[in-house]
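Inspection log for the structure reproduced underneath, given as structure tokens.
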Amino acid sequence: MQNIEIYSHRGASSAALENTWPAFRKACELGVGIELDVQITKDGVVLVFHDDDLKRLGGRNLRIEEIDYEKIKDLRIGKRGRRKFSADRIPLAYEVFHWAKEKSVPLNIEIKESFAVHSEGPEILAAMLEGLKNIHLSSFNAEILKEMKQLKPEIETALVIKKKHKLQFLDKLTWVDGIHLHKRLYSEKLLIRLNDMKKKIRIYGIVGTEKVVKQPSRHLSGIITDYPGKIKEKMRLPD
């Protein structure tokens with residue numbers, strides 16, 4: 017069987033709160049890579065957080081791109097009804113990057129939309145990536161990836177898609193090295209076409225019951241999942 021990378025979605029988010037230290041440490045214990053999200057505050061602090069605002073996990077109706085880090089650095093995060101007792105805070109990206117480098121944990125860094133509105137966001141993130149190994153950058157925003165490719169041409173970029181795009185459109189994105197596609201779009205025909213374009217292919221939304229887990233395409237490079245332990249066991253991948 018080919019070497020298929022397993023990335024834990026927002027850390028081992030089925031075992032701990034997404035994008036938090038417990039989720040990252042659990043993923044490290046499982047011996048898998050980590051997919052995480054980065055946002056940037058108004059004053060240029062890069063955080064590991066998925067949502068554009070703090071409503072769902074922080075209980076505050078604030079957009080990260082519009083506030084300074086000082087305003088939220090002590091904010092407890094968690095699911096509704098549990099935040100009061102939570103010890104989790106929003107991690108700083110540079111601390112997570114440093115930890116991943118020390119532990120040799122592969123990272124899939126998904127760049128969120130706050131970077132599209134921050135004039136210095138891409139440059140700030142690019143400086144933080146210096147010296148990191150075994151990482152790639154992903155985003156739903158092709159223009160963010162284009163800017164990051166100009167700043168860090170040696171780092172792999174991947175466009176995340178959850179709906180059908182014309183293949184001619186994807187082929188024109190010469191700065192995009194890979195495609196991350198939702199499992200609903202998975203087909204051998206599509207993977208062959210993307211492989212012909214020299215695009216690295218990873219699939220997300222996998223829970224472990226899908227055919228691709230036991231019979232993965234030879235064109236597939238990786239799987240992004242909330243259940244990395246289960247997937248690894250079913251695919252019988254080595255540590």
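Residue numbers (my numbering): 17 to 255.
Glycine included, each C-beta is placed from N, C-alpha and C at the ideal position.
Alpha-carbon to alpha-carbon, residue j and residue i
| i | j | result |
| --- | --- | --- |
| R200 | E51 | 19 angstroms |
| I106 | K180 | 33 angstroms |
| I222 | E249 | 14 angstroms |
| M251 | K230 | 6 angstroms |
| M17 | I247 | Unreliable placement is indicated for M17, whose pLDDT of 46 sits below 50; the coordinate value is still reported in the next sentence. Taking the straight line from one Cα to the other gives about 15 angstroms. |
| L167 | L153 | 12 angstroms |
| E81 | V62 | 10 angstroms |
| D84 | K58 | 5 angstroms |
| R218 | N211 | 11 angstroms |
| Q55 | L46 | 26 angstroms |
| L197 | Y220 | 6 angstroms |
| E34 | Y110 | 17 angstroms |
| L175 | R92 | 31 angstroms |
| Y243 | K149 | 24 angstroms |
| S4 | L141 | A query on residue 4 cannot be resolved here, the shown segment of the chain reaching from 17 to 255 and no further. |
| F185 | S155 | 16 angstroms |
| D68 | E129 | 7 angstroms |
| R204 | E170 | With the sequence shown as reference, residue 204 is identified as Glu, and Arg is not the correct amino acid for it. About 29 angstroms. |
| T225 | E21 | 18 angstroms |
Per-residue DSSP class, three states only, for residue i
| i | result |
| --- | --- |
| M17 | Note that M17 scores a pLDDT of 46, beneath 50, so its modelled location is shaky and nothing firm can be said. |
| S130 | helix |
| Q231 | coil |
| V48 | coil |
| H114 | helix |
| D212 | helix |
| L160 | The amino acid at residue 160 is misidentified as Leu; the sequence shows Ile. DSSP places I160 in helix when its eight states are reduced to three. |
| G137 | helix |
| G245 | helix |
| R41 | helix |
Identity of the residues DSSP links to residue i by a beta bridge
| i | result |
| --- | --- |
| N124 | E51, H152 |
| V176 | H196 |
| H25 | E51 |
| I56 | V62 |
| G238 | E21, R218 |
Practice item. Jot down the residue ranges of each uninterrupted alpha helix (DSSP H) in the region 62-111, minimum 4 residues, whole runs only, in chain order. Key: Complete alpha helix (DSSP H) runs here, min 4: 71-74.
Practice item. Examine the Cβ distances between the region 95-104 and the region 112-121 and report whether three or more of them are shorter than 8 angstroms. Key: No: fewer than three Cβ pairs fall under 8 angstroms.
Point to revise | the region 121-130 contacting the region 84-98, beta-carbon criterion three pairs below 8 angstroms | key: Taking a contact to require three or more Cβ pairs closer than 8 angstroms, the region 121-130 and the region 84-98 do not qualify as touching.
Exercise for review: Examine the Cβ distances between the region 38-55 and the region 18-28 and report whether three or more of them are shorter than 8 angstroms.
Suggested key: Yes, since at least three Cβ pairs between the region 38-55 and the region 18-28 fall closer than 8 angstroms, the two stretches touch.
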